[in-house]
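These notes concern the structure reproduced below.
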Amino acid sequence: MPERAPLRIAFTNIPRRLWAGGYNYQRNLFAALHRYSPGTVAPVLFAGTRDDPEELAALASIPAVALVRSPAFDRSATGLLGALALGRDGPALAEFRAQGVDIVFESARFFGWRLPCPAIAWFPDFQHRLLPHLFSRSAYWRRDLGFRAQIASGRHIMLSSASALGDLKRFYPGISNGVSVVRFATEPPVSLLATKPSDVIAQYGLPSRYFYLPNQFWRHKNHQVVVDALGLLKGRGIDVVVAASGSTRDFREPDLFERTMSEVRSRGLETNFRHLGMIPLDHVYALLRASMALINPSECEGWSTTVEEAKSFGVPMILSDIDVHREQTEGSARYFGIRDAEALAAHLSEVAQSADPPTIRDLLPDLEERVKAFVADFVRLTADVMQNSGIR
Numbered sequence: 607m608p609e610r611a612p613l614r615i616a617f618t619n620i621p622r623r624l625w626a627g628g629y630n631y632q633r634n635l636f637a638a639l640h641r642y643s644p645g646t647v648a649p650v651l652f653a654g655t656r657d658d659p660e661e662l663a664a665l666a667s668i669p670a671v672a673l674v675r676s677p678a679f680d681r682s683a684t685g686l687l688g689a690l691a692l693g694r695d696g697p698a699l700a701e702f703r704a705q706g707v708d709i710v711f712e713s714a715r716f717f718g719w720r721l722p723c724p725a726i727a728w729f730p731d732f733q734h735r736l737l738p739h740l741f742s743r744s745a746y747w748r749r750d751l752g753f754r755a756q757i758a759s760g761r762h763i764m765l766s767s768a769s770a771l772g773d774l775k776r777f778y779p780g781i782s783n784g785v786s787v788v789r790f791a792t793e794p795p796v797s798l799l800a801t802k803p804s805d806v807i808a809q810y811g812l813p814s815r816y817f818y819l820p821n822q823f824w825r826h827k828n829h830q831v832v833v834d835a836l837g838l839l840k841g842r843g844i845d846v847v848v849a850a851s852g853s854t855r856d857f858r859e860p861d862l863f864e865r866t867m868s869e870v871r872s873r874g875l876e877t878n879f880r881h882l883g884m885i886p887l888d889h890v891y892a893l894l895r896a897s898m899a900l901i902n903p904s905e906c907e908g909w910s911t912t913v914e915e916a917k918s919f920g921v922p923m924i925l926s927d928i929d930v931h932r933e934q935t936e937g938s939a940r941y942f943g944i945r946d947a948e949a950l951a952a953h954l955s956e957v958a959q960s961a962d963p964p965t966i967r968d969l970l971p972d973l974e975e976r977v978k979a980f981v982a983d984f985v986r987l988t989a990d991v992m993q994n995s996g997i998r
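Going by our numbering, the first residue of the sequence shown is number 607, and it counts up by one from there.
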């Protein structure tokens, strides 16, 4: 029987307010698939009825992406209970069948061990095992049991780094699942690069020389070490500005943002640590391109979207010294320990006091080859999963 192309792959929407990195990952993947491997994969995006229509419209505008909105994809425990107790998420499965789905891409959602089509389980990272103190007992076991259910159901597991592969082998030894490492590369759409960085800088009242920290305000993203480094510099009479953006909501610590900003005020750092809130993507890229350097102080990453975006433009980087950051940048960044505010302060001071003039960077010429490699790895993975499923 001849192959039917393209493969229809079910993705579930990741709201940007809940996980900006996940939303950007899927947007980038859909666009890259269409540009570099048209006709091989057709993403079918399943979204809940309450998901942001503007975010969905941006994804649905990418050629070959089909959008399906259904209550089956509203975030509730009902589907998960069915998937665990009955072996399948019935409402979601009905939608998959209606859309002729060939493969299901599971990201933070389990559709059941009796799912009648092959599935790829994406494990972005193993944060709950690496940083268990950041999770309540119920949140820890909910996440871990979800991973174990996907492993036990024979899912093909997709990881984004060799670092994550090492974690998988360490925390879940002896698994026999197929496992693939697919390192992603990002290619921001040209439409989001038309905004003038100078206009965005002026809108937010930033100086021409600043650092950029576009991480969501979650505990493991480790904004505290940046505040501490700024405090050290302030005490030495060195004033630098860090512009931060991203969601301020952390369901695990709802008051984390306010407590941190209260500390910023009490230490007289209001002009040094500027949180801009959840800003449009074109503003994110504008600020990134014109910054002195990207800062990512995170304690845990699977493969950082912000780092990958900085690489796309050749933006200098100051990163926490975790294995995946070393892997992702191949030693080409400045690094500091996740608790070492002194080392971070030294990096900030050295970069800020350099004679380099403000620069607005464009996409690097080698970016296309990196994105092509990412797409080729993903397409190869989907073809292998279909072939090994015995369905074709």
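Ideal placement from N, C-alpha and C gives every residue a C-beta, glycine not left out.
Residue 746 sits in a helix when the DSSP states are folded into three classes. The region 863-878 makes no contact with the region 901-921, as fewer than three CB pairs between them are under 8 Å.
The region 883-895 and the region 936-944 do not touch, with fewer than 3 CB-CB distances between them shorter than 8 Å. Linking residue 983 to residue 647 through their CA atoms gives a straight-line distance of about 13 Å.
Under the three-state reduction of DSSP output, residue 944 falls in the coil class, being neither helix nor strand. A direct Cα-to-Cα measurement between residue 626 and residue 620 gives close to 8 Å.
In the DSSP assignment, residue 639 falls within the alpha helix (DSSP H) that extends over 626-642.
Out of 738, 666, 756, the CA that lies nearest to the CA of residue 693 is found in 756. Taking 7 Å as the cut-off, the beta carbon of residue 846 is found closer than this to the beta carbon of residue 958. Apart from the 5 residues on each side of it in sequence, residue 639 sits with its Cβ closer than 8 Å to the Cβ of 646, 647, 649, 670, 981, 984, 985 in its chain, given in chain order.
Out of 961, 934, 622, 993, the CA that lies nearest to the CA of residue 791 is found in 934. Taking a C-beta distance under 7 Å as the contact criterion, residue 838 and residue 678 do not qualify as a contact pair. Excluding the 5 residues flanking it on each side, residue 857 has no same chain C-beta neighbour closer than 8 Å. As the crow flies, the alpha-carbon of residue 664 is around 45 Å from that of residue 843. Two segments are said to touch when three or more pairs of C-beta atoms, one from each, lie closer than 8 Å; by this definition the region 882-893 touches the region 799-812. Counted as a single uninterrupted DSSP element, the beta strand (DSSP E) harbouring residue 818 occupies residues 817-819.
Nearest to residue 617 by C-alpha distance, out of 712, 668, 763, is 712. The alpha-carbon of residue 709 is positioned some 41 Å away from that of residue 817. Between residue 765 and residue 729, the gap from beta carbon to beta carbon is short of 7 Å.
Exposed is the label assigned to residue 796, since fewer than 16 other Cβ atoms lie within 10 Å of its Cβ. Taking 7 Å as the cut-off, the Cβ atoms of residue 905 and residue 994 do not count as close. Sorting 823, 642, 701, 773 by C-alpha distance to the C-alpha of residue 735 places 773 at the top.
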